[in-house]
Amino acid sequence: MIVLGIESSCDELAVAVLDRDGKTLRANVVRTQVEIHAKYGGIVPEIASRDHIRSLSMVLARAFEDAKLTPQEIDGIAVTSGPGLVGSLLCGVELAKGLALALDKPIVGVNHLEGHIAAAFLETPAPKPPFVSLLISGGHTSLMLVRALGGPYEHLGSTRDDAAGEAFDKTAKLLGLGYPGGIVIDRLAKDRPRDRFTFPVLMPGKDNFDFSFSGLKTAAARMIRERPTPFTPDELGDFCAGFQEAVVDNLLKKAFRATLVSGTGTLVLAGGVAANSRLREKAAMRAAREQVALFLPSRANCTDNAAMIARAGYERLMRGENHGLSIDTRSYWPLTDKVTPKGSVRP
Ligand code: KG4
Ligand code: ZN
1 MIVLGIESSC DELAVAVLDR DGKTLRANVV RTQVEIHAKY GGIVPEIASR DHIRSLSMVL
61 ARAFEDAKLT PQEIDGIAVT SGPGLVGSLL CGVELAKGLA LALDKPIVGV NHLEGHIAAA
121 FLETPAPKPP FVSLLISGGH TSLMLVRALG GPYEHLGSTR DDAAGEAFDK TAKLLGLGYP
181 GGIVIDRLAK DRPRDRFTFP VLMPGKDNFD FSFSGLKTAA ARMIRERPTP FTPDELGDFC
241 AGFQEAVVDN LLKKAFRATL VSGTGTLVLA GGVAANSRLR EKAAMRAARE QVALFLPSRA
301 NCTDNAAMIA RAGYERLMRG ENHGLSIDTR SYWPLTDKVT PKGSVRP
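Residue numbers for the sequence shown follow this note's numbering, beginning at 1 and rising by one.
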């Protein structure tokens, strides 16, 4: 099936066309609003959805043009139905429903986080399930046991407070580095000593796969507030390096343990924070040492796009699923109900 993917859950509006092989992208258009929201220091939901509305037809037309296809030539539609900002989500969902109705094509709602997992399957070679996915984005931080693309997915653990991306973004905001801050911290931390500023690595217990980042963020806020003088450029880099190291250690500790305990031996990183260079570097070193098969999607496949939504939807559409026009902003997330026993997962 040729699948049209649509993603509008936050401040990116993206449309992609995935070819019949489920691998080749005929189009992959992303319109980002980073510059629009930067001056507010974060995303303003009302502005995000208004910009989506203004850009919809242009982005869609561009995708069909790149794909060299007419709308009638697609076989199905996949759209992010949640989680995300409701106003933003509705722009994509209603567009997708309108297209499905006009073209008489099947349509499926895709959970944005499942889309991040599916992004790895656009790479060659793709990872082979079962594997553990460390899902790290601006709003979520979870460990999932993936037995097959399409699920069901076994939830191993999640953050109990802030997401990893949120910790990066909020700390960057306190430092006056703008939004989104993760990528700026990554850049400023490059080649700087990581031990000049040290941060607490707080874990919510050893017998689970949960995370916690609020203590780290509070420690960073206190250190910034209590400084007698502003940071010099070098100190700022060192602060970013120390903070980034603490987030990375926090994430990798649980992710590698889950990989070991699950018996899968394979760890796949997913989501915007997986683009972080220190995380990628340290994960690679640790994987080599512990003989874990590590899968790092390209940076472009980590951050939000519609190719990953098309890839996740492709799996469902090929199985004959069709949510029809009843689709709304629920997140269709085929998670197992099973609560994983503490500290252990079924291999
Ligand atoms: O997956 P994503 O593009 O959107 C959401 O689903 O949230 O992730 C966005 C998050 C933001 O918090 C952003 O600061 C973070 O990913 N991010 C990074 C890097 N690139 C993006 N964080 C750390 N280092 C990076 N290089
Ligand atoms: Zn995302």
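Even for Gly, the Cβ is constructed at its ideal location relative to N, Cα and C.
Just so you know, these numbers come straight off a predicted model, no measurement behind them.
Item                                                                                                                                                      : Value
Any contact of the region 300 to 315 with the region 110 to 118, i.e. 3+ C-beta pairs under 8 Å?                                                          : yes
Using the Cα positions of residue 239 and residue 273, report the straight-line distance between them to the nearest angstrom.                            : 18 Å
So does residue 52 have its beta carbon nearer than 7 Å to some heavy atom of the ligand ZN?                                                              : no
DSSP three-state call for residue 116: helix, strand or coil?                                                                                             : helix
So who's on the other strand from residue 213, going by DSSP bridges?                                                                                     : For residue 213, which the question treats as bridged, DSSP gives no partner whatsoever.
In three-state DSSP terms, what is residue 3?                                                                                                             : strand
For residue 58, count the other beta carbons within 10 Å of its own beta carbon; 16 or more makes it buried, fewer makes it exposed. Which is it?         : exposed
Sorry if obvious, but does the Cβ on residue 313 come closer than 7 Å to a heavy atom of the ligand ZN?                                                   : no
Could you pull the start and end residues of the beta strand (DSSP E) that residue 26 belongs to?                                                         : 25 to 32
Can you list, in chain order, the residues of its chain whose CB lies under 6 Å from that of residue 320, leaving out five sequence neighbours each side? : none
Could you check the C-alpha separation between residue 79 and residue 197 for me, to the nearest Å?                                                       : 43 Å
I think residue 181 touches residue 136, with their Cβ atoms under 8 Å apart; what is that distance to the nearest whole Å?                               : Rounded, the Cβ-Cβ distance is 15 Å, inconsistent with contact.
I'd like to know whether the C-beta atoms of residue 241 and residue 194 end up nearer to each other than 8 Å.                                            : yes
Buried or exposed, going by whether 16 or more other CB atoms sit within 10 Å of the CB of residue 169?                                                   : buried
With burial defined as no fewer than 16 other Cβ atoms inside 10 Å of the residue's Cβ, what is the status of residue 229: buried or exposed?             : exposed
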